[in-house]
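Residue numbers (this note's numbering), protein chains in the order written: chain A, 86 to 332; chain B, 86 to 332; chain C, 86 to 332; chain D, 86 to 332; chain E, 86 to 332; chain F, 86 to 332. From the three backbone atoms N, C-alpha and C, an ideal C-beta is built for every residue, glycine too.
Number of protein chains: 6
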Amino acid sequence: MKLLIVNPNTSEAMTRTIDQAAHLYAGPGTEIVTLQPPRGPRSVEGYLDGVVAAEATLEVLRDRGAGFDACVIACFDDPGLYAAREALPIPVFGIAESAMLMACTLGHRFSILTSPARSKPGTLELVRRYGLEQRCASVRTVDLPILALDDDVAVTHTLFAAAGRRAIEDDDAEVLLLGCAGLAHLDKELERELGVPVLDGVACAVKMAEACHGYGLRTSKRLGFAPPTVKEYVGHHGEVAAVQPVP
Amino acid sequence: MKLLIVNPNTSEAMTRTIDQAAHLYAGPGTEIVTLQPPRGPRSVEGYLDGVVAAEATLEVLRDRGAGFDACVIACFDDPGLYAAREALPIPVFGIAESAMLMACTLGHRFSILTSPARSKPGTLELVRRYGLEQRCASVRTVDLPILALDDDVAVTHTLFAAAGRRAIEDDDAEVLLLGCAGLAHLDKELERELGVPVLDGVACAVKMAEACHGYGLRTSKRLGFAPPTVKEYVGHHGEVAAVQPVP
Amino acid sequence: MKLLIVNPNTSEAMTRTIDQAAHLYAGPGTEIVTLQPPRGPRSVEGYLDGVVAAEATLEVLRDRGAGFDACVIACFDDPGLYAAREALPIPVFGIAESAMLMACTLGHRFSILTSPARSKPGTLELVRRYGLEQRCASVRTVDLPILALDDDVAVTHTLFAAAGRRAIEDDDAEVLLLGCAGLAHLDKELERELGVPVLDGVACAVKMAEACHGYGLRTSKRLGFAPPTVKEYVGHHGEVAAVQPVP
Amino acid sequence: MKLLIVNPNTSEAMTRTIDQAAHLYAGPGTEIVTLQPPRGPRSVEGYLDGVVAAEATLEVLRDRGAGFDACVIACFDDPGLYAAREALPIPVFGIAESAMLMACTLGHRFSILTSPARSKPGTLELVRRYGLEQRCASVRTVDLPILALDDDVAVTHTLFAAAGRRAIEDDDAEVLLLGCAGLAHLDKELERELGVPVLDGVACAVKMAEACHGYGLRTSKRLGFAPPTVKEYVGHHGEVAAVQPVP
Amino acid sequence: MKLLIVNPNTSEAMTRTIDQAAHLYAGPGTEIVTLQPPRGPRSVEGYLDGVVAAEATLEVLRDRGAGFDACVIACFDDPGLYAAREALPIPVFGIAESAMLMACTLGHRFSILTSPARSKPGTLELVRRYGLEQRCASVRTVDLPILALDDDVAVTHTLFAAAGRRAIEDDDAEVLLLGCAGLAHLDKELERELGVPVLDGVACAVKMAEACHGYGLRTSKRLGFAPPTVKEYVGHHGEVAAVQPVP
Amino acid sequence: MKLLIVNPNTSEAMTRTIDQAAHLYAGPGTEIVTLQPPRGPRSVEGYLDGVVAAEATLEVLRDRGAGFDACVIACFDDPGLYAAREALPIPVFGIAESAMLMACTLGHRFSILTSPARSKPGTLELVRRYGLEQRCASVRTVDLPILALDDDVAVTHTLFAAAGRRAIEDDDAEVLLLGCAGLAHLDKELERELGVPVLDGVACAVKMAEACHGYGLRTSKRLGFAPPTVKEYVGHHGEVAAVQPVP
């Protein structure tokens, strides 16, 4: 299958991390292209970033999505996920949604480890959006800016390991999710250290995309994700298009 | 108080309807300016429209928001509401949220009447986002495109009255909400006809804005709506800004 | 508008505090009369107090409510609120309900600070009654009797500030509610000290009453709050009335 | 055991019905006294009736409760139940709560059959108060005034049988509860007719009271039902008592 | 009434403890027979034990259940409870379900004290199965194997008392449940020590069985607990029976 | 990967259907062995069947599970799923759980189509067990015995198509799940007919097993699914084993 992965932010380092994680676990028949939008925030750490990244991601899907069998939005806020499901004929996977769903087959409850602290309410909203609040033990945050996660890898490792340990011991988490695409490389080393499954959403979304593709499943186009209603869109320079074009 | 109302779509007719509804119930000390973005969809009827309208609305708030005491986002999807709360120092009100909260003081459960049919799952998601599912009797839809609501006013009235009657009789709704800013003018005539309160969100948001202003309340800037983290944004033409500017 | 505020207990000091808080934030066109019942407990701190205060409050509304546009029940247990909505033709506001609803526009989740400790389960029941459990971060109590809150103002301030700080830091509260009408004066000083909005329910209820009045909204009389069924009531001295009279 | 049953309304016919139902299923060692308050509404059909009946019931318990091992409040609104648990040293049972709890051992979900139509939202609130919304299939109402239920017994039977049949067929109810103490006599005849257990709350509360008494269980006096805080109460004639006296 | 109690595990000491607890609180007209299956685990401490114990318990009910009026499954996992309700014409009570339901009449929220630590997620699942999550303050575990609970009675007492105290102080529990049939003897001594009701499920189930019997209630045979569909069962030695026989 | 699929009932026709469905969508590197237990019911249609099938399934896993990388329990009741997760070192997938989780990536809400009518409450319990009640639009049943589903294939098709159409039109289902392994062959033909994704759980579980295997995920052995506590088991002939052996 041909899989398009979009990193919704404009950090090239993050795009590379995502691409590596995706290739590491992709099946033999999966071709992966990982892109990032030409515009938008360097990282997604709040609602404003999320709104800009969502539209920028949809623009990438519109401009570059032709010819793919499925796509993945590779940010743990799943920005634009439902809009992409509506707009595209191919199935779309979010890394947060995929990680949460796979975690449900591995243990009673999962905790999400993310940063910075401010993202906790939004992450809890995402859990609620997917109706999974009964399965979520906690969201635990490390208060580092996303773009600082790579500054001192040992510090990042130590802080997330500590957050994971508290999730296990205090919140009864049986599975841990890494709440940022930029943390992908931590999964297996934290898993060995903490003794519970630690899931990176990029790997999860790639596997879910392959699983759905293998069974021939596509987004339901009935009701909520029906193709967009045809209407005029006014563009950035005032030009009027008959419809917002999507692939 | 000075109140900025943004119609998130690019329909000038809708902007006028919103402006009229807002002026009709505004208090004597309230100055209202109603704007629409220079770009985006003519109406908001799904997730894709919502994503584009959200960023366009935030651009209006960034470019034109200086000097206002509060603002209202006047579309029943509340596009960009949480991002605006994060980005702006002044309080921000959504017409869906305001209508749902005021309805809670008037009856046990409310129903939302909206169009088209496809918007039902998204409207239910909004109810769940606000944690009000216990108070929502139902979402009932009329299957007309938003931009057709003005084509035959009598038909629109008849269809929404029928939907409201079913919400009252079959779903035990005690209060009805008009799920689109373009329906504002229907509130009092449906109220007389159906015998229960019928709320237009634009009026509700204006009154909630005045209420919060009168008591000196502003958005909490602790945790989830803290001002955006400073980071680089890449613009539409590749230019790099140190931060996404907001008023 | 003419607004009747009833303090459900028989503490004159509390009635004065309520009246002052109400006047402080009332709009220019709002005339306020604040009353207390001639009988009942000096403070409301449990279910028994609540039952007696509810009937006493309804007696005040029946005897003194004529000519008002709306009324407020000014105790954070909202005693008799639903009965008053049923019995009266004018809209009725509870200070707990109003504070919770306004808090929903200011942050993701609110905490309620109240006293004494025993009131915690009942306060949580009220949150559940209004269907707002998803929006309530916690109820934190200070274990002082209500009537002792005025004994040493500095101690009261210190204890509630400490409870608020724990709600913010441990429970992720973004907004705080003062869970007793007698604490009204603490709102703005705690707000400055703690850095999050701190809401007094009396002010909130006055503003909600004005907001509904300004938009012409009244209690739905369909189904649950329909006027009381006509039936005989036996009075305190055995006299039989054809109906429980209300204004 | 000595069991005090209080009919919260002032209908002597209802008090007799309750007394008969209670005696019919009471164990051999149970002595029952059934009382009604000297004041209050002839029936309880809404929030206002409920407030008055609650205080009147508590007055009966205060004046007549000495020497009993437990008491039952015999109205399906459970008026004053939590206040009585707080005020009395002996355990207190509500007929709605008892019926709902016993129904949970007999089937997956129960429906409540009650009258009049207006009581539906309040009955659903009671289900939610007890945290049993997952176990309640529906509340189905017959739109007769409570005091008319005895007017034509055949009509009452027919209407409640029809409501029960719809609850079974349309709502998947496996157990039915009679939502009014005045319907007690219908239990076994509807059970034979409809083929599912039909529970009268008076019988259920008597059996729950005996069950708790037999195991030596009493209301927890920790936290929410701790004895009332000592404080002044002002009486109906302005007299000040040091405390609201209870048995 | 004739009551069959089945201890689902194969520990004779546990069977004796259960039998004693049952006799201690049984009413004068209740004849009790307590049995254990001839096969299965010595204690039930996880899902695998639960599956084996469930089938073994159903075999006891099938082979020995004739002539009884009701039966009790005396393990706090309630193994096989719903299957027994389906298979048997007589009512069936689980000690966990009975204890949770009776606790609901005694306080706002209960905590369950159990062992070992691993049983916590399964116990929370049981609470959710019964739809009682709103009434459960917490599940607190002591990390001793079930079969070690009798090794040092003083240690067991101390550990459970400590767990109970934390449930009361940290979780706001008003009632405590002993989450294992083997702890039955601790109920009244912990109750005296901790000052809140402490419920043993065996006693609760006996009293619930008597209560339902006294009112003539049986399991609803409509829908979910209808008698098993007739079909072939292949036995342990390959023999084919027309139907799985039950009493 | 080597995948063991267990059909929990003793119908060879069903085992063949499952095996075919599994092979149809398995990836190129997946070797599948499909087994059924030597004992137990011919079909699983209620709680009693489920208990017997669960133990029989665990016996198959114990006796035949060595050497596999993962296993699937192929009955829409997921009998013994949690016990198998506890008992086995390899990951275990249930067809109901897998289908529900994959459905969550395809639409807002799914409906489950199953038979016979009596299985509805149990299926809803399973949805609740997995915490997915917000995502489940409805369970719709066709009242045919499981073993009669093959008698007249055209009738079965017609009845399930009708149930699916009602789920789509009346319940707003966007995705349909076939609630029985024996219906596997209906998926793609119903999908074409009804215009929404129709998922067979066997295919879903195979793809989820491959997805987890590809990413190296295994069941969390922390807390709830920790390996069984070592203890004596008494066998069918009274023999005492030191531990219930599992692969």
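Per-residue burial, residue i [other beta carbons within 10 Å of its own, 16 or more giving buried]
| i | result |
| --- | --- |
| F:Pro174 | exposed |
| C:Gln121 | buried |
| B:Thr243 | exposed |
| B:Arg127 | buried |
| E:Arg220 | buried |
| C:Asp228 | exposed |
| D:His322 | exposed |
| F:Gly135 | buried |
Enclosing beta strand (DSSP E) for residue i [first to last residue]
| i | result |
| --- | --- |
| B:Leu263 | 260–263 |
| C:Val91 | 87–91 |
| A:Leu120 | 116–120 |
| E:Ala172 | Premise fails: E:Ala172 lies in the alpha helix (DSSP H), 166–172, not in any beta strand (DSSP E). |
Continuous alpha helix (DSSP H) stretch holding residue i: start and end
| i | result |
| --- | --- |
| C:Arg147 | 132–149 |
| E:Lys292 | 286–299 |
| D:Ser183 | 180–188 |
| E:Phe245 | 238–256 |
| E:Val212 | 205–214 |
| B:Ile103 | 97–110 |
Proximal residues to residue i (C-beta, below 7 Å), its chain only, five neighbours per side dropped
| i | result |
| --- | --- |
| D:Glu276 | Pro282, Val283 |
| E:Gly264 | Phe161, Ile197, Leu198, Thr199, Thr208 |
| C:Pro332 | Confidence at C:Pro332 is low in this model, with a pLDDT of 49, below 50, so the placement of that residue should be treated as unreliable; the coordinate-derived value is given next. For C:Pro332, where only same-chain residues beyond five positions count, the Cβ hits under 7 Å are Leu146, Arg147, Gly150, Ala151, Leu173. |
| C:Leu191 | Val260, Pro282 |
| D:Ile253 | Leu279, Val281 |
Identity of the residue in the options nearest residue i by Cα
| i | options | result |
| --- | --- | --- |
| F:Leu234 | F:Glu218, F:Gly323, F:Gly267, F:Thr208 | F:Gly267 |
| A:Arg250 | A:Glu278, A:Asp228, A:Lys306 | A:Glu278 |
| E:Pro153 | E:Glu130, E:Pro123, E:Val118 | The question names Pro, but residue 153 of chain E in the sequence shown is Phe. If we check each option's Cα against that of E:Phe153, E:Val118 comes out closest. |
| A:Thr115 | A:Gly299, A:Thr314, A:Glu324 | A:Gly299 |
| D:Lys292 | D:Tyr132, D:Pro201, D:Ala155, D:Ala138 | D:Ala155 |
| C:Ser204 | C:Cys189, C:Arg225, C:Lys306, C:Glu218 | C:Arg225 |
| C:Met99 | C:Asp236, C:Ala258, C:Val212 | C:Asp236 |
| C:Glu210 | C:Pro164, C:Met187, C:Val238 | C:Pro164 |
Where residue i meets chain F, residues with beta-carbon distance less than 7 Å
| i | result |
| --- | --- |
| E:Thr95 | Val319 |
| E:Ser128 | Lys316 |
Cut-off 6 Å between Cβ atoms - residues of its own chain near residue i, not counting five sequence neighbours on either side
| i | result |
| --- | --- |
| C:Ala159 | Ile90, Asn92, Ile103, Ile180, Ala266, Val287 |
| D:Ala222 | Arg194, Ser196, Asp256, Asp257, Ala258 |
| F:Gln105 | none |
Amino acids of chain D, ordered along the chain, whose beta-carbon sits closer than 7 Å to that of residue i
| i | result |
| --- | --- |
| E:Phe178 | Thr190 |
Closer than 9 Å at the beta carbon, the chain E residues around residue i
| i | result |
| --- | --- |
| D:Ile253 | Arg307, Leu308 |
| F:Tyr132 | Gly165, Leu166, Tyr167, Ala168, Ala169, Arg170, Glu171, Ala172, Gly309, Phe310, Pro313 |
Spatial neighbours of residue i in its chain, beta-carbon cut-off 8 Å, leaving aside the 5 residues before and after
| i | result |
| --- | --- |
| A:Leu232 | Ser96, Arg127, Ser128 |
| B:Gly320 | Ala326 |
Contact set between residue i and chain C, taken where Cβ atoms lie within less than 8 Å
| i | result |
| --- | --- |
| E:Asp257 | Lys205, Pro206 |
Under 7 Å from the C-beta of residue i: neighbouring residues of chain C
| i | result |
| --- | --- |
| D:Ala215 | According to the sequence provided, residue 215 of chain D is Tyr. The question's Ala does not apply to it. Ordered by position in chain C, no residue passes the 7 Å Cβ test against D:Tyr215, which lies about 10 Å from the chain. |
Residues that residue i contacts on chain B, provided the C-beta gap is smaller than 7 Å
| i | result |
| --- | --- |
| F:His193 | Pro206 |
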